[in-house]
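A.B. asks:
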Amino acid sequence: MTKTDILQGTLDMLILRILANGSMHGWGIAERIATISKSALSVGEGSLYPSLYRMEQKGWISAEWSVSDNNRKAKFYALTRAGRKQLAAKQQAWDDLTGAIADIMNST
Amino acid sequence: MSFLRKVLNLLRRRHLEEDMAEEMRLHREHLLEKAMAAGLDRPAAERQASLQFGPAAAATEAARETRSFVWLENLCQDIGYSIRCIRKSPGFASIIVLTLTVGIGCNTACFSLINSLLLRPLAYPNSDRIVYLSESSPGEIGYTSNGAALARWLKDGDLFEHLGGYHVRQSTLTGRGHPRPVRLTESTAGLFEVFGTRVAQGRGFHASEYESGRGQVAVISHEFWQQQLGGDLNILGEVLVFDGKGHEIIGVLAPQAFPYDNAVFIPSDVLVSESKRAPGSDYAMVTYALLAPVVDRVSAQARLQAMRGAHPDSYLPEQREWRDTVQGWRDVSYGTYKPAFLLTALVVAAILLIACANITNLVLARNGARSGEIALRLALGASTSRIVRQLLTETMLLATIGGVLGAVAGVALFRGFVRWVNLDTLRFIETSLDHRVMLFATGATVVCGLVCGLLPALRCARPGLTTHLKEGGQSVATGKRRRLQSSLIIAECACTLALLVIAGLLLRSLQNVTASDPGFTREGVLYFTLSAPSERTPDAEASARFTDQVISNLQRIPGVIAAGATSAVPMSKVEYRTEAVRRIDQGTDAAGLTVGIDSVSPGYLDTLQIPLLRGRLLTAMDNHAQAPKVVLVNTRLADLLFEGGAPAALGSSIVWRGEQWEIVGIVSSTARYYLGHKPIPQLFVTQAQLSIPVSYVLRANVDPMSLINSVRAAVEEVHAGLALSNTHRLSDRADGSMGLRRTFLVMFGLFACVGLALAAMGVFGLMTYTVSQRMREMGIRIALGATTRNLLWLILSDSLRLIGLGLLAGIVLAAGGSRLLQSQLYDVNRLDPASYLLAVAALLTIGVIAGLLPAWRAARANPIAVLRVE
Chain H
-16 MTKTDILQGT LDMLILRILA NGSMHGWGIA ERIATISKSA LSVGEGSLYP
34 SLYRMEQKGW ISAEWSVSDN NRKAKFYALT RAGRKQLAAK QQAWDDLTGA
84 IADIMNST
Chain F
11 MSFLRKVLNL LRRRHLEEDM AEEMRLHREH LLEKAMAAGL DRPAAERQAS
61 LQFGPAAAAT EAARETRSFV WLENLCQDIG YSIRCIRKSP GFASIIVLTL
111 TVGIGCNTAC FSLINSLLLR PLAYPNSDRI VYLSESSPGE IGYTSNGAAL
161 ARWLKDGDLF EHLGGYHVRQ STLTGRGHPR PVRLTESTAG LFEVFGTRVA
211 QGRGFHASEY ESGRGQVAVI SHEFWQQQLG GDLNILGEVL VFDGKGHEII
261 GVLAPQAFPY DNAVFIPSDV LVSESKRAPG SDYAMVTYAL LAPVVDRVSA
311 QARLQAMRGA HPDSYLPEQR EWRDTVQGWR DVSYGTYKPA FLLTALVVAA
361 ILLIACANIT NLVLARNGAR SGEIALRLAL GASTSRIVRQ LLTETMLLAT
411 IGGVLGAVAG VALFRGFVRW VNLDTLRFIE TSLDHRVMLF ATGATVVCGL
461 VCGLLPALRC ARPGLTTHLK EGGQSVATGK RRRLQSSLII AECACTLALL
511 VIAGLLLRSL QNVTASDPGF TREGVLYFTL SAPSERTPDA EASARFTDQV
561 ISNLQRIPGV IAAGATSAVP MSKVEYRTEA VRRIDQGTDA AGLTVGIDSV
611 SPGYLDTLQI PLLRGRLLTA MDNHAQAPKV VLVNTRLADL LFEGGAPAAL
661 GSSIVWRGEQ WEIVGIVSST ARYYLGHKPI PQLFVTQAQL SIPVSYVLRA
711 NVDPMSLINS VRAAVEEVHA GLALSNTHRL SDRADGSMGL RRTFLVMFGL
761 FACVGLALAA MGVFGLMTYT VSQRMREMGI RIALGATTRN LLWLILSDSL
811 RLIGLGLLAG IVLAAGGSRL LQSQLYDVNR LDPASYLLAV AALLTIGVIA
861 GLLPAWRAAR ANPIAVLRVE
């Protein structure tokens, strides 16, 4: 269970992807990242919240106070239209990057 | 978009902080619940939650940074803290603010002056291309030209965009109330165009009106129209009678359209009149021109000089060596004062330096006292840059307050100065508020704040932590800091000494000038001008007779001892005339000596009690047009023109205006333009033989102004309806001629006092600080048996050493700076020992007193009380 550093831009992309499935609160996002990656990735809250606030500033996600499923007060974040566009763009860029790296690694 | 958000977030800061804190708290709670649900007990769960969350403070900090401008928030925090600190030590703050107010105030005022005079464009269009043309004799700058010169200058078509000149003569306005003296300005075409002078009502002159030669029309200034004609709305078309000749008013100028106070303009016929354009003609003119855009002053002068060479028929043979001079408008108006401005600028800069030195010392001392607090903050994790920023903010805040007050004070000082020296009568100078002055004040404030704050702040934020924490803040001043403070004090003393020396030199100079003998009597002397009516003075002989009549009437007034007439009363503003003469044995190709010409009545020299040294005075018999041509000369002319001086000159002949004149008497030389002025060579001739306008002088044994009505009556007897003008006491004029010296003396005296006060404050401040740092040492010494005197000497020797070094440096500085002053000093060597000694004594006394007070306090300290405080 190594804690790997995730680059800032990549973290943004992960958060956007998770929010694409529906709005969620801060700790929910962190848990999901840990769960889906089978604990390979864990996001420190010191990186999570700055990311969230930054993306909120840029208008990619919107925030709203609400009540969570176990009746706790929480701030829910949701993806905006601009956010969706960003996600698509980032996904494309990521695929290009990984594709290029794979090509080199697999070359003889 | 996000930038805007960040700005908005600044305003909603409180709300956002709470929001963020809430969110993080809830997150942590959730983690805690999860851990407890997984079976851990509360303390373990809490630890787990904390570990998972990460360092809270750092997270909050990072999150905060994305939301808004952290640096701005820090700045607001710093400012708040600084305000609280300042509140706690008001004495310290007010001294700094006051010091800076004085420093910035002086500099703002000085810069305003330099700005108005040298940097801002003058108040007339294209002022940087307006030049003043004149003819100069070798070695001098001349200020006049004549009709012949003007005609010659007009020959070069593409040198000037516009060229115009004017000739002024006194006249009497009749027919509108009682007769009034008015100066008529005979102007040529092009004069108005040079200054962009607009006619507000009516029109300017037509080309034909210049040529018709008799000038029956006139254009008047707005001020004349308002003040002398009551703003008569039907003034156009009215005929005003000057000297018996009617002139129709065809135009009124716009307010302040012409840069000088000339009231009435009539067209000059100089360009059609042969006599006025003859070489060496008497028709004296003042000529201005607007250079063509591509021409610069230097090449214009060269071209004019070449043209002069090509037209030898436009000047007298004696004027062969003369040059045509082109001076910029600014230069001719106040160019001679440029060294004085430079010196003033240096002086106020020195004052600001002294002020900054004081403030830096104070801040250093204060930071030293707070070193314990700072060490603690550093130990608790504050970054050095944060500490430096906060200390700097404190200084900058004080600097800003001082700077704003200083700017306001400086502008007020400048306004006061303008009113004091009547600078606003020079219409072409703008004295209104200018953005450059504000920029300067802001820049100076910022620089001062940075200089005074950065150095101490940087010094302070690097102390040895343990030393400070151990000694609880009572550390001894480090060697480096002492050195810095000491050198600042030395610099202050040096600057102050230089200022004192300069003030002393100026004072002695003024004293010498006032006591100097101008060569004539000025107590009880009155002078005035009349414009002689043309019907009484058709020729030279008639003019002389008219003058004689006035003089004899004046002499009959009770109280009048003597009366006379002259064309150039010393120290008056009356027009001076200079012409070239040569010895009879010198060939026509010899360069003549330029001398001042005085056309006088026989009794004039007696009236002013100018002694005759050899030969005889001019008499009534010489005062006829047909009399033999004789002149008197002064000793200066005799010395300059004749090898043997006065004895050789007596009886010799000179050539003047192409004719031979015999020198029958030598008189003593006098100062002509102002007290202390070196005498110029002068020549005296009777009125009948050189008929030019004269002023009348009389000497009385009572205050001459009390006789003014009798004077008017005496003149009235000779010819009714003549107005007196330019009536002044000669003593007033003579004193007034020193007005500028007095102005400079007061200014520099004030600066010197300010510098002295600042230096005293500086010494006092440093000594107080040093003493407070050495209190323990003092306590020990007293306990070991040192007497009050021992301790006093100990402290005092410290300050004496600093002041002594400052004095030495100051003497060197003063010796150098006084070089700029040389032209203003009268009969005083710039290394005059008395001034230096006095300045040294003054500074030493004040410095010793300033250092004595803290020393006294230290010596009286109770050793037990001091030693106990740890």
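Protein chains in written order, with my numbering: chain H, -16 to 91; chain F, 11 to 880.
Backbone N, C-alpha and C fix where the C-beta goes; we use that ideal spot for every residue, glycine too.
Note that the structure is predicted; figures quoted are calculated from it, not measured.
1. Taking 8 Å as the threshold (beta carbon to beta carbon), is G82 of chain H in contact with chain F?
2. Excluding five sequence neighbours on each side, which residues of the same chain lie with their C-beta closer than 8 Å to the C-beta of C86 of chain F?
3. Chain F partners of E47 of chain H, CB-CB under 8 Å?
4. What does the alpha-carbon distance come out to for the pair T81 of chain H and F59 of chain H?
5. Between F:M317, F:P349, F:F170, which lies nearest to V304 of chain F when the distance is taken from Cα to Cα?
6. I want to see whether chain F comes within less than 8 Å of A57 of chain H, judged by CB atoms only; does it?
7. I'd like to know whether the C-beta of H25 of chain F is nearer than 8 Å to at least one C-beta of chain H.
8. How big is the Cα-Cα spacing for L41 of chain F and A59 of chain F?
9. State yes or no: is the beta carbon of L18 of chain F nearer than 8 Å to at least one beta carbon in chain H?
10. Does chain H have any CB closer than 8 Å to the CB of H37 of chain F?
11. Identify the continuous beta strand (DSSP E) that holds H738 of chain F and give its terminal residues.
12. Out of curiosity, what's the CA-to-CA distance linking L143 of chain F and Q315 of chain F?
13. Less than 8 Å between the CB atoms is what I'm expecting for A501 of chain F and G827 of chain F, so what's the real figure, rounded?
14. What's the call for I16 of chain H, buried or exposed, on a 16-neighbour Cβ count within 10 Å?
15. Just to confirm, are G214 of chain F and G261 of chain F a CB contact at a threshold of 8 Å?
16. Let me know the secondary structure DSSP gives Y779 of chain F once reduced to three states.
17. Along the alpha helix (DSSP H) that carries R193 of chain F, what are the first and last residues, could you check?
18. Three or more C-beta pairs under 8 Å: does that hold for the stretch 395 to 413 of chain F against the stretch 129 to 148 of chain F?
19. Would you check if there are 3 or more beta carbon pairs closer than 8 Å linking the stretch 119 to 126 of chain F to the stretch 250 to 267 of chain F?
20. Can you give me, in chain order, the residues of the stretch -6 to 14 of chain H that have a beta carbon less than 7 Å from any beta carbon in chain F?
21. Starting from the beta carbon of E33 of chain F, find every residue of chain H whose beta carbon is closer than 7 Å, and list them in chain order.
22. Counting only the same chain and skipping the five closest in sequence on each side, list residues whose C-beta sits under 6 Å from that of L743 of chain F.
23. So which residues of chain H does H40 of chain F contact, with C-beta pairs closer than 8 Å?
24. Between the stretch 815 to 831 of chain F and the stretch 732 to 746 of chain F, do at least 3 Cβ pairs fall closer than 8 Å?
25. Using a Cβ-Cβ cut-off of 6 Å (strictly less than) and excluding sequence neighbours within five positions of A417 of chain F, which residues of its own chain qualify?
26. Quick check on Q484 of chain F - is its C-beta less than 8 Å from some C-beta in chain H?
27. So, using beta-carbon positions, are P349 of chain F and S662 of chain F closer together than 8 Å?
28. Within 10 Å of its beta-carbon, does L(-6) of chain H have 16 or more other beta-carbons around it, so buried, or fewer, so exposed?
29. Just the C-alpha distance for T455 of chain F and A360 of chain F, rounded to the nearest angstrom, thanks.
30. With distances taken from CA atoms, which of F:R626, F:W666, F:P689, F:W671 is nearest D649 of chain F?
31. Rounded to whole angstroms, what is the Cα-Cα separation between S577 of chain F and S679 of chain F?
32. Hey, quick one: how far does the beta strand (DSSP E) through D608 of chain F stretch, first residue to last?
33. Touch check for the stretch 351 to 370 of chain F and the stretch 170 to 188 of chain F: three-plus C-beta pairs under 8 Å?
34. Report the option in F:G789, F:M295, F:S309 whose CA atom is closest to the CA atom of L301 of chain F.
35. Taking DSSP as the reference, what is the three-state secondary structure of Y684 of chain F?
36. What is the DSSP secondary structure of L847 of chain F, counted as helix, strand or coil?
C.D. replies: Quick answer:
1. Judged by the 8 Å Cβ criterion, G82 of chain H is not in contact with chain F.
2. Excluding residues within five positions, none has a Cβ falling inside 8 Å.
3. Listed by position along chain F, the residues whose Cβ is nearer than 8 Å to that of E47 of chain H form an empty set, because the closest Cβ is around 12 Å away.
4. Near 31 Å, if we compare the C-alpha coordinates of F59 of chain H and T81 of chain H.
5. When the alpha-carbon of V304 of chain F is set against those of F:M317, F:P349, F:F170, the nearest one is in F:F170.
6. Taking Cβ atoms only, chain F reaches closer than 8 Å to A57 of chain H, which makes this a yes.
7. Closer than 8 Å: no.
8. Their Cα atoms are separated by approximately 5 Å.
9. By this cut-off, L18 of chain F is not an interface position.
10. Cβ-Cβ to chain H under 8 Å: yes for H37 of chain F.
11. Start and end: 734 to 739.
12. Each residue's alpha carbon lies about 12 Å from the other.
13. Between G827 of chain F and A501 of chain F the Cβ distance is about 14 Å, and since that is not below 8 Å, they are no contact.
14. Counting C-beta atoms within 10 angstroms of its own C-beta, I16 of chain H has 16 or more neighbours from the protein chains shown and is therefore classed as buried.
15. Result yes, Cβ atoms of G214 of chain F and G261 of chain F sit closer than 8 Å.
16. Reduced to three states, the DSSP call for Y779 of chain F is helix.
17. It is not in any alpha helix (DSSP H) - R193 of chain F instead sits in the beta strand (DSSP E) that spans 190 to 197.
18. Too few Cβ pairs lie closer than 8 Å, so no.
19. Contact between the stretch 119 to 126 of chain F and the stretch 250 to 267 of chain F is absent, with fewer than three C-beta pairs closer than 8 Å.
20. Among the residues of the stretch -6 to 14 of chain H, those with a Cβ less than 7 Å away from any Cβ of chain F are G9, W10, in the order of the chain.
21. Ordered by position in chain H, the residues that pass the 7 Å Cβ test against E33 of chain F are G9, K58.
22. The sequence shown places Arg at residue 743 of chain F, rather than the Leu named in the question. Answer for R743 of chain F: M581, S582, listed in chain order.
23. W10, R55, listed in chain order.
24. Output reads no: the stretch 732 to 746 of chain F does not touch the stretch 815 to 831 of chain F.
25. Non-local beta-carbon contacts of A417 of chain F in its own chain, meaning distances under 6 Å to residues more than five positions away in sequence, involve T118, A451 in chain order.
26. Its pLDDT being 45, under 50, Q484 of chain F is placed unreliably by the model, and the measurement read from it follows with that caveat. No, no contact with chain H.
27. No; because the gap between Cβ atoms is not below 8 Å, this pair is not in contact.
28. Counting Cβ neighbours within 10 Å, L(-6) of chain H comes out buried, since at least 16 surround it.
29. When the Cα atoms are used, T455 of chain F and A360 of chain F turn out to be separated by approximately 15 Å.
30. Looking at the Cα atoms, F:P689 is the closest of the given residues.
31. For S577 of chain F and S679 of chain F, the distance between alpha carbons rounds to 17 Å.
32. Secondary structure note for D608 of chain F: its beta strand (DSSP E) is the uninterrupted segment 603 to 610.
33. Pairwise C-beta distances place the stretch 351 to 370 of chain F out of contact with the stretch 170 to 188 of chain F, as fewer than three of them are shorter than 8 Å.
34. If we check each option's Cα against that of L301 of chain F, F:S309 comes out closest.
35. If DSSP states are grouped into helix, strand and coil, Y684 of chain F belongs with coil.
36. When secondary structure is reduced to three states using DSSP, L847 of chain F falls in the helix class.
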